[in-house]
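Here is the structure we will look at, set down as structure tokens.
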Amino acid sequence: MYTLLSGLYKYMFQKDEYCILILGLDNAGKTTFLEQSKTRFNKNYKGMSLSKITTTVGLNIGTVDVGKARLMFWDLGGQEELQSLWDKYYAECHGVIYVIDSTDEERLSESKRAFEKMVTSEALDGVPILVLANKQDVQTCLSIPDIKTAFSDCTSKIGRRDCLTQACSALTGQGVREGIEWMVKCVVRNVHRPPRQRDIT
Ligand SMILES: Nc1nc2c(ncn2[C@@H]2O[C@H](COP(=O)(O)OP(=O)(O)O)[C@@H](O)[C@H]2O)c(=O)[nH]1
Ligand SMILES: [Mg+2]
-18 MYTLLSGLYK YMFQKDEYCI LILGLDNAGK TTFLEQSKTR FNKNYKGMSL
32 SKITTTVGLN IGTVDVGKAR LMFWDLGGQE ELQSLWDKYY AECHGVIYVI
82 DSTDEERLSE SKRAFEKMVT SEALDGVPIL VLANKQDVQT CLSIPDIKTA
132 FSDCTSKIGR RDCLTQACSA LTGQGVREGI EWMVKCVVRN VHRPPRQRDI
182 T
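The numbers in the numbering used here rise by one with no breaks, and the one at position 73 of the sequence shown is 54.
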């Protein structure tokens, strides 16, 4: 009886946990996105003022519950010297959110290089990637087709994994829910797939 009840309790209340990395150049809006997500999904979370967010040195961690899934976000610093630390986290993660600053045309190629390096990493093979074209609230920003064109030679490296480019404003919240719900769908589905090579070794 106890087993039955505890099984039922677990079924009803226990959440499956997934680690999601938030990557992208510094100033792309990663921490703002994390705070916006916590505010949107966690009922009692009193978010910090989004305009008070300062540069991340090291790592911010945040948890968001979506249905039966618990996403643990790791928001890593994006400065060049910190990018070398990204791959230390790859083996642990179930999904990646890659944030692009759509208002920064000058650094778009730098962002593409960092994306390319990330996406070709073996440890991320098969991991779903959500690309957020952020800051779409700014009128003069690059459009989704502009960004897709700039990143077009990455397509073959993305391979057959799930990948979505989502227009988003971490500041206003536009596109945040859609992006996260897509990610949840992917990671939940992936868990039922055979383990990736890196999980076996
Ligand atoms: N207009 C606008 N500004 C944003 C948006 N997201 C972030 N920012 C601003 O961009 C700057 C960098 O944001 P932050 O979250 O610290 O970037 P991070 O370095 O990637 O963590 C801050 O001044 C934010 O207010 C957005 O969607 N729209
Ligand atoms: Mg930050």
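C-beta atoms are modelled at their ideal positions from N, C-alpha and C, and glycine is treated no differently.
These figures come from a predicted structure and were not determined experimentally.
When the beta-carbon positions are compared, Leu2 and Leu57 come within less than 8 Å of each other. Checking the DSSP bridge columns, you'll see Asp(-3) partnered with Ala50. Ile34 carries a coil assignment under DSSP once its states are collapsed to helix, strand and coil. Counting along the chain, Gln64 sits inside no beta strand (DSSP E); it lies in the alpha helix (DSSP H) bounded by residues 61 to 64.
Relative to the non-hydrogen atoms of ligand 2, the Cβ of Asp46 never comes closer than 7 Å to any of them. Taking 8 Å as the cut-off, the beta carbon of Gln147 is found closer than this to the beta carbon of Leu113. Separation of Ala72 and Val157 (C-alpha to C-alpha, rounded to the nearest whole angstrom) is 25 Å. Ranked by Cα distance from Arg141, the first of Glu62, Asp118, Thr101 is Thr101.
Cβ neighbours of Asp118 within its own chain (closer than 8 Å, five residues either side excluded): Ser150, Leu152, Thr153, Gln155. In this chain, the alpha helix (DSSP H) harbouring Asn171 covers 157 to 172. Secondary structure within the stretch 77 to 114: the alpha helix (DSSP H) runs of 4 or more consecutive residues, fully enclosed, are 89 to 100 (chain order). Note that the C-beta distance between Ser18 and Ile110 is not below 8 Å. At the C-beta level, Gly76 and Val47 stay beyond 8 Å of one another. Cys74 carries a coil assignment under DSSP once its states are collapsed to helix, strand and coil.
Taking a C-beta distance under 8 Å as the contact criterion, Tyr(-1) and Leu40 do not qualify as a contact pair. Here Ile139 has Val100, Ile110 as same chain residues with Cβ atoms under 8 Å from its own Cβ, once five neighbours each way along the sequence are excluded.
By the beta-carbon neighbour count (other beta carbons within 10 angstroms, threshold 16), Phe54 is buried. The bridge partners DSSP lists for Asn8 come to none. With 16 or more other Cβ atoms inside 10 Å of its own Cβ, Met164 counts as buried. DSSP places Ala131 in the uninterrupted alpha helix (DSSP H) bounded by 125 to 131. Of Asp(-3), Tyr(-8), Leu(-15), Leu(-11), the smallest CA-CA separation from Arg170 is found for Asp(-3).
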